[in-house]
Amino acid sequence: MKELLEKIFDQRSNGLYFVNTPTGSAKSYSAVQLMKNNYKKFDKHFIFITNNLNNLPMEDLKDALGEDEYKANVLRVESIVDNIVHHFYETRIPNEFQALDSYKNLEMRLNIYKHFQNELKTGRIGMKLLQDSQKNLAEADGKFRKEIKKVIMSTDIKNHSMEERKEMIKSKYQWLGTLYPAMFVEDYKVICMSVKRFFTTIDPIYMGDYKFSESNIIDNSVLFIDEVDATKNEINNIIIENSLKSTIDLIPLVHRITSPFIQWQGNTSNKVKGLIPDNDKQLNDIINKAMVIRNNYHDELSYYCDEIKQRNFLMSDSTFHANFENNSKKNAYIYYDKNDNQMTIKIENKRDDLPQNIGEAYNLYSVIRDMSSFLVSVKRYVNKLASNYKKIRNSKVQEEDYITDEEAIRSIYRMLKIPNSDIKYFEDEINIQPVMNVNRTSNRLKKMNSYYDRGIRSFEFTNRKDNSFNTAFSYIHLNKSAESILALLASKATVIGLSASCNIDSVLSNYSLKYLKETLEDNFHLIEEEDRLRIQETYSFLNRKYETGEIQVRVEEVLDCQEKDIKTLIGLVFDDPKIKNKLYKMFNLNGVKDSYCAKRYLRMAQVYRHFIQHEDIKSFLCLNNALPRDKGDFRLSILDELFKTINEECGFKTKDKNYEVLKSGVTFEKDKDNILERLHCGEKIFVISAYATIGAGQNMAYELPENLDTINLTDFSNKKDGRNKKKDFDGIFLGDITNVVSNLYNTEFAFQEADLLRYIIQVKNLYENNEINHYALDECISAGYKKLKDPTVKWVKTDIKGCRSIRLFKTKQIIQAIGRLSRSFNKNKVIHILVTKDIVNSFDTSILETEILSPETIKLAEYAKERQEDVPVYDYVENEASRISSDGKFYIYEFLSGDWRPQEIESYKKLGETCLKHPTCSNRDDEIVKEYYVHSSEPMNKYYFIGENDFEYTDVFFNQSKDEVILRLQNKEESERIKYIHEVSEENARLSKMLNYPGLREEFIKHEYATCFEVNDYMLSPVLFQNIYKGRLGEFVGHFIIKQELGIDLDELEPYEYERFDYKHGKVYIDLKHWRYSNFNAEKMNKKIIDKLNEIGGEKAIIINIFDENKSDKIIESPRIIEIPSLLEEDGFHANREAINKIRMCLEEYKDD
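Here you go:
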């Protein structure tokens, strides 16, 4: 392990390294040794972060460096509250500061907090009082800091540079460094903290505060993340907390932001205008977006929906998921109501259901999407302006007057008259700036619309009595994911993730390895095979006594019976009729009426009896998903009665109870230490806990008791190693692992916005990993919102339980739990592992081939492999293809609706060229193929799909024939969808018929375009086939035929004209179509065409279909539009003469003089 970390350090470059060596392989110890050996010569920082503060290697660092070097070079950055608790009374604060009211308030708040800490331990107060006290203490500390800063900056210090200020404070105000050691964090070579502290603010007092995660302290440093996979949930919780704090009412916010941009020319300071180049496209785009919102959506008016009585929700990812109180309706529309002079919202399924006498109606989803896009654009632009302003200002002033990034950003917002509450919305996020290019901008066509990059937008709209004229739109924006933050950190530093399970590919218990690999590419590293083999060999040698049989691992299953009544279940555990009757009555009296609850109690009884009957078991760990409580479905009093019964039955005499419940909370460490000390003293203890409490990271090894017959793995070869002085538990029980995805069935606990967002993140992860389709995603999101509205709702979706990530989540929990038996070198001669049937069936034993596992884990995996029934086979290729197409539609449409600058035009042409050259492909290294193509489990050149809402949802079918697809739909009782089946193939594209036209095949070959769809691994996605391939095919073929028939080489469009039409000739613009254009509403389509002509000064448009898809065979002509039904005859050999003549006449009539 030590050699591996040294190798990473020696070869370091910014990126992400996942080190997945097993529990007990000295990962943290090896990290400490690396820091010890290199901290003096390394000119950056070593940073160590963890979820579990007890895993910070402070003692190991002190032992390794020695007391003096440790004090000079190592800093533990504590939370604001912990820092005050630990340093306030040890700091000699001068009298002038003690005289401040803020000091007296801080001292009072600290004493109250410490008092409440003690009261909570004794059970005299509840957690809420302590949390409120903690909040008050943090606020009091903030006020004291503010007054300190005011006093200090009123002296001569303010006239000096930052470095000079710092040195003066160190000299004149030494007590500050004792009270607030983190203010000089950059002076330390080794910095340790919790994950949560890593993402919070550091206040140096002599200058503006900053978030540590965004600081340049991290740049090119080495960042260790302990139990890295477990940090995903912590980072997501931080994102959720920040987002909930900045929840806003969308429409008023948008109005406040659009106004200064609409009035930009007249109201903007010339100093700010001076920061902007002439004709700045980014600014013009924002102003245009603001004008669209004002002119079309009238953000200055009230928005009102009189149909809603309850809470209604929308969630936006790459599409929208609606949860209206009328569940039968799925859309909402907004229009200007001149009678009430307001924007009226109507909830309907389709536009045709709206009243007939209204004007233009907009889909509410589009309105929200445009407003969200506007806010994102404004934020990016303000950041850009602020960066320019900071650079220019700081170049003109003395260093003491420099402004920070935050001050520059706030200055721009305030110039725009944006209030602090709105500024908070823009600021409350994690904003890490990379120091190297992450693969985000190098390819304009790289999709960035997954949850991981765009986050989640949740909208709640309600009517309230105190806001009778407006429907409020509460807007929560999770604008980042844990994955994107980790990728950004890996662009700033060498990030080394340490965890036994960080290579287990479950998006529910780990970061998305797929996303990290695709984003970081060559900067994402797993352990190389030679290193893995070396570590495996070392680890196997350490555990050789398992191989020789000196240490044995015994695995047993506990009670597993389906559909048994409670009496029968009791009889499977207890033989004595009197005891059976007694327990049956006890269950009845306590309301245990169903076999599921009874089985949970009886399993515990069975495990406890195993513990009592084996004298060699002195310490036993019993893990379940939930802890027994005083009330509820799993009660401690019932367990206590069962354990007493077993003690009597087995003749086991004890004065005190020999079981303990170890739960998380304020007293956890004290309770744990007490249990471990009692075990050291030779007591026999049955420890009941939960997976979430001690399953990962907790060290449960205890001091080796005297005169205990144990086996030492190393024969005490290195007496300095502390693991030789400790002993592991003798056995463990693994209960069922349930509620992997948030439990929407449970009604015991409240379900609030934070719970909803965690749940949505979970199901979005499953969707992005192709484990559920869009139907399941929509159903899950809808269920989450229903649960938020009514916590009594019970909902469960059984097909989610079969997802691969859930199985791997359970596997990870099992590995981590058994890892609690691998923290020392002293073992019982027999290690007992008791498991349920569900644990056996849930264990993904394929990890035997990929992971380095402890001997106990290997034994359980082998046991499970022999007994597993119906091992699942996962095939998510159709889900993946459907998602790729839906995501592709969103990104391509967003791409098309943007500004057509030269680089965008070039990228779009590249996309079209790739499609024409490679409708099928085997080269996944091509970025376009990687992003937009689909693949099956075997090579193909044809498949089927159903596209709904213009590809918003796409279902892909890799069946060999359309009849097979029809049968699948019929079996799912979805026959009504049969008529929407489409085919992606050479035949559907009518490619071979087109190539019948003389000279066209040769022209294809000349341009290296595909003349057929070869069987290959990858193929155009539905949206790429319909919207790009067919479009470009029509353009190229039509251009060639017109040139051949008329001798006219149509002109390319200018950037300002781009994608409004395909080609032009003088004032005539040509649109070449290769699909059923006439299916669209003719009146609306004509209006759209005329609007486009007017935008670019065109006289006439010719809309040309390559083939007559609708068999109309009729040229339709109006004053400014000609529609040609077909350019080619049906067989493709000849051009349509009537069409050619009409095109000739039009081009001649409007040709340039």
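In our numbering, the protein residues as written are 16 to 1168. Positions of the beta carbon are idealized from the N, C-alpha and C atoms, including for glycine. This structure is a prediction, so every number in the text was calculated from the model and none was measured.
Cut-off 6 Å between Cβ atoms - residues of its own chain near residue i, not counting five sequence neighbours on either side
i     : result
I172  : R180, M183
E783  : S465, Y466
G281  : none
L265  : F488, Y490
V269  : D314, M386
N1011 : G1147, F1148
Where residue i falls: helix, strand or coil (DSSP)
i     : result
Q1219 : Residue 1219 cannot be examined here, being either before or after the span of the chain that is shown, 16 to 1168.
C795  : helix
C936  : strand
N452  : Annotation note: pLDDT 46 at N452 (below 50); position unreliable, no value reported.
C576  : coil
R1016 : helix
G1062 : coil
Y1092 : Reliability of the predicted coordinates at Y1092 is poor, the pLDDT of 42 falling under 50, and the value obtained from them is presented with this limitation in mind. Here Y1092 sits in helix by DSSP.
M123  : helix
F276  : helix
R819  : helix
L1162 : helix
Check whether residue i and residue j have beta carbons under 8 Å apart
i     : j     : result
K802  : L759  : yes
K1115 : K1082 : yes
N525  : D244  : yes
R1018 : F1055 : It should be pointed out that residue 1018 corresponds to Glu in this sequence rather than to Arg. Yes, the pair counts as a contact, with Cβ atoms nearer than the cut-off.
Y118  : S148  : no
S43   : R212  : no
E414  : S169  : no
S410  : Q357  : no
G746  : E422  : no
Y966  : P1037 : According to the sequence displayed, residue 966 carries Phe and not Tyr. Their beta carbons are under 8 Å apart, which means F966 touches P1037 by this criterion.
K842  : D631  : no
T851  : G712  : no
F14   : I383  : A query on residue 14 cannot be resolved here, the shown segment of the chain reaching from 16 to 1168 and no further.
A1154 : I1130 : yes
I566  : I726  : yes
F227  : I217  : yes
A641  : I233  : no
Residues bridged to residue i (per DSSP)
i     : result
Q357  : D352
V855  : Paired residue(s): none; V855 is not in a bridge.
L584  : L584 is not bridged to any residue.
T216  : K226
V89   : V205
I240  : I64, G512
T872  : Paired residues: none, contrary to the question.
I726  : K842
T969  : G962
T1175 : As displayed, the chain neither begins before 16 nor continues past 1168, which places residue 1175 out of reach and without an answer.
Nonlocal neighbours in the same chain, by C-beta distance under 8 Å from residue i, ignoring five residues either side
i     : result
C696  : P720
R838  : T38, G39, N714, M715, A716, R738, K741, D743
E1110 : R1075
Y188  : I167
K827  : D244, S516, I519, S521, S524, N525
W190  : T106, R107, I108, P109
Cβ-based neighbour list, residue i, same chain, cut-off 7 Å, excluding 5 preceding and 5 following
i     : result
D1077 : E1050, I1085, D1086, L1087
I418  : K405, R408, N409
Contact between the segment 54-70 and the segment 196-208 (3+ Cβ pairs under 8 Å):
The segment 54-70 vs the segment 196-208: in contact.
Does the count of Cβ pairs from the segment 363-379 and the segment 491-507 closer than 8 Å reach three?
They do not touch, by the three-pair rule.
Taking contact to mean 3 or more Cβ pairs, one atom from each stretch, closer than 8 Å, check whether the segment 877-897 and the segment 610-619 are in contact.
With a cut-off of 8 Å, the segment 610-619 and the segment 877-897 do not count as touching, because too few Cβ pairs lie within range.
Contact between the segment 422-441 and the segment 387-401 is defined here as three or more beta-carbon pairs at a separation below 8 Å; is this criterion met?
When C-beta atoms of the segment 422-441 are compared with those of the segment 387-401, three or more pairs fall below 8 Å, so the two segments count as touching.
Contact between the segment 687-705 and the segment 632-648: three or more CB pairs below 8 Å?
As far as the Cβ criterion goes, the segment 687-705 touches the segment 632-648, which means the pair count is three or higher.
Taking contact to mean at least 3 C-beta pairs separated by less than 8 Å, is the segment 702-711 in contact with the segment 669-684?
Note that the segment 702-711 touches the segment 669-684; at least 3 beta-carbon pairs, one per stretch, sit closer than 8 Å.
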